[in-house]
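Chains as they are written, first to last, in the working numbering: chain F, 2 to 392; chain V, 7 to 205.
Where is the CB? At the ideal position from N, CA and C, for every residue including glycine.
First the structure, in the form of structure tokens, and then the observations on it.
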Amino acid sequence: MNVTRLEYLFELSMNQKATPEQMEEMSYLMALSEHEELVKVLLFKAYQTPKTEVDIDPGKSEAILQAIYQVAPVSKKSVKLSSIKPFLPQASVAAAVLFCLTIGILFFTPKREELPQTAIQHKHPIVSGGNKAMLILADGSKVVLDDKHTGKVASQGSVLITKTANGQLTYSHAASAVPADGDNIIETPRGGQYQVTLPDGTEVWLNAASRLKYPVAFKAGERRVELQGEAYFEVAKNKKLPFRVVSNGQTVEVLGTHFNINSYKEEGLQRTTLLEGSVRVLVLKNMVLLKPGQQAEVSKNESIAITEANTEAAIAWKNGYFRFDHEGIESIMSKISRWYDVSVEFKGKITEEKFSGTSSRAKNINQVLEMLEETNAVHFKIEGRRILVMK
Amino acid sequence: MKTRNSNDDLSLLTSVASGDEQSFRLLFDKHRANIYTTALRITANEWTAEEILQDTFLKVWINREILPDLENFMGWLYTIARNLTYNSIKQAQNEKKKLLLAAKESIYYPPTDYLTQDKEFEHILRQAIERLPPKQKLTYQLIKEQEMKRDEAALALNVSPETVKWNLDQAMRSVRAFCMAQLKDAPLIIGLYFSSKYF
């Protein structure tokens, strides 16, 4: 009797339908010694059934890894740093950077010299980036996009362009089907980001210092956009109209999927990271097909390499944080430089340490730099809007 | 479960075995949502689910050298998670029983004190605390040993309460992981020690 009751309750709990009382009862029954065998079978089966609805937040998952590495370290080569911030639900990502997030800092290198407070009084204080962009319409006129105003921005033929308060631009077709022509361009400055919903429903998040060119209305044959810099795409499914992103000699072709393209010229490599679905990456005559979790790296000589990617790190920017995963200081500094709109200069030898950690993009630059300094592998000096990086 | 490890998995497991943290991270990322979700549904407690996830992967990391030799890694992984989950349920019920009993007999029954009588545990705990990075150690001592409140510790350390929370959280995780690794046969003690008082 109890056995079937237990199975019934277990089923409920797996389907998230159990009441707190039922959960209580289930735990009680599970702990009875006579049920041990059955419980172990049920539990094993439960783990065997893949489910991923609830994920642990990235900060915590990082904390767990660090705790594990600390117990049984392998080598001391890689410098660890880490911090945590609350997880941002997908829906609010565009607005995420506006929130003031809590941050904590984790110190892994025991010795630390007390560092003087960096950059305090300055005429042009360094602030974190925000929702800022410029929209260039088909006739060349420009519209500044920020968080201040909402509503109609412009109309292009039958297409209405509106913006919301949280850094998002939307294209929608008016009822009358007057064909709309021409291209629009959305450009983010250094220290800016913006989200745009294209006429076909595709959502694009544009990182700092980036540029996206797209037709006001997609024509028959293909959906083609041009990208400079970095963007994350959630392409609306349409099997008849392939979506193509052209960037810096590379074409990424998809039918409907989620992926990130980082094509900043200063980074040398062009990286396309796939989160869902499948994409084809084409460069000259080379072509690769990516599976979710993979990243295509296109180098200057047009060769394509596929690696297993840390997808969370690749799209961390879109979710409002920096996430470094065994990343070199130069790459980290170029991200910081674009987001805080500062220039970076390396003084002396550049550290070869790799850094791992997470930090909110809404934070003041000092906090990010101090976090890096905690490792003692690198030090900074802020002079106006210039950051000196020293070993 | 007859599924053998695929070649992809095998190469990942081999590099984890060689101690590559990056590969371990990939392995962790691949399985963490399933383990966390499952544990959460069964225990209905986020902190417990996190513990199960951490302890499962701690075991994977400690035993990494055997990974490539496993015929069925997933089966092995799920067995670990299963056992940890089972133990945690048993333990939660036991503690509850004791507390109920204590309440009935109106005895003050500090949930952790008897544990620290265990000399071996005490010793390992000391070691674990000593190994903490300075700020975490200090935070841990102020709060655990001097029984300061979070705000008081924040004031004393001149940091924000969030930083205190973070440092304490990370310290607790590290201490727990260290103790787990040292006291392989005593997960119950650790479970009890860490399940009380903090969150």
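- A straight line joining the alpha-carbon of Ile-41(V) with that of Thr-54(V) spans about 12 Å.
- Following the DSSP letters along the chain, one finds Leu-59(V) inside the alpha helix (DSSP H) bounded by residues 52-68.
- Under DSSP, Phe-234(F) shares a beta bridge with Val-205(F) and Phe-260(F).
- Excluding residues up to 5 positions away in sequence, Leu-18 lie with their Cβ nearer than 8 Å to the Cβ of Leu-32(V) in the same chain.
- Per DSSP, the unbroken beta strand (DSSP E) holding Gly-193(F) starts and ends at 193-198.
- Fewer than three pairs of CB atoms, one per stretch, sit closer than 8 Å, so the segment 46-64 of chain F makes no contact with the segment 28-38 of chain F.
- For the set Val-217(F), Ser-360(F) and Tyr-172(F), the Cα lying nearest the Cα of Val-197(F) is the one of Tyr-172(F).
- Contact annotation: in the segment 60-78 of chain V, residues whose CB is within less than 7 Å of a CB in chain F are Gln-60, Phe-63, Leu-64, Trp-67 and Ile-68.
- The closest CA to that of Glu-235(F), considering only Thr-258(F), Gln-251(F) and Asn-249(F), is found on Thr-258(F).
- Among the residues of the segment 164-188 of chain V, those with a Cβ less than 7 Å away from any Cβ of chain F are Glu-168, Thr-169, Lys-171, Trp-172, Asn-173, Asp-175, Gln-176, Arg-179, Ser-180, Ala-183, Phe-184 and Ala-187, in the order of the chain.
- Short of 6 Å from the beta carbon of Ala-134(V), and not among the five residues preceding or following it, lie these beta carbons of its own chain, in chain order: Val-181, Phe-184 and Cys-185.
- Spanning the alpha carbons of Thr-49(V) and Val-205(F) requires a straight line of approximately 38 Å.
- Contact between Leu-207(F) and Ala-237(F) does not hold, since the beta-carbon distance rounds to 17 Å and is not under 8 Å.
- Straight-line spacing of the CA atoms in Pro-243(F) and Ser-211(F) works out to 23 Å.
- The count of Cβ pairs closer than 8 Å, one atom from the segment 327-346 of chain F and one from the segment 297-305 of chain F, stays below three, leaving the stretches out of contact.
- Inter-segment contact for the segment 268-284 of chain F and the segment 241-255 of chain F is present: three or more beta-carbon pairs are separated by less than 8 Å.
- Per the C-alpha coordinates, the member of Glu-313(F), Leu-285(F) and Gly-250(F) positioned closest to Thr-274(F) is Glu-313(F).
- Using a CB distance cut-off of 8 Å, Ala-162(V) does not count as an interface residue toward chain F.
- In the structure shown, the three-state DSSP call for Gly-385(F) is coil.
- Collapsing the DSSP output to three states places Glu-353(F) in coil.
- Taking 7 Å as the cut-off between beta carbons, the residues of the segment 33-58 of chain F near chain V are Val-40, Lys-41, Leu-44, Phe-45, Ala-47, Tyr-48, Gln-49, Pro-51, Lys-52, Thr-53, Glu-54, Val-55, Asp-56 and Ile-57, in sequence order.
- The shortest C-alpha to C-alpha distance from Phe-79(V) to any of Thr-62(V), Lys-150(V), Ala-177(V) and Ser-94(V) is the one to Thr-62(V).
- Under the Cβ criterion of 8 Å, Gln-67(F) is counted among the residues facing chain V.
- By the Cβ neighbour-count rule, Ser-338(F) is buried, with 16 or more other Cβ atoms within 10 Å of its own.
- Separation of the CB atoms of Met-31(F) and Leu-7(F) is rounded to 7 Å, and the pair is thereby assigned contact status at 8 Å.
- With respect to chain F, the C-beta atom of Lys-96(V) has a partner C-beta closer than 8 Å.
- Within 7 Å of the CB of Ile-149(V), no CB atom of chain F is found; the nearest one sits about 14 Å away.
- Listed by position along chain F, the residues whose Cβ is nearer than 8 Å to that of Gln-152(V) form an empty set, because the closest Cβ is around 20 Å away.
- The beta carbons of Trp-318(F) and Ser-129(F) sit no closer together than 8 Å.
- Straight across, the Cα-Cα distance linking Gln-28(V) with Val-379(F) is about 22 Å.
- Where Gly-60(F) is concerned, the enclosing alpha helix (DSSP H) starts and stops at 59-72.
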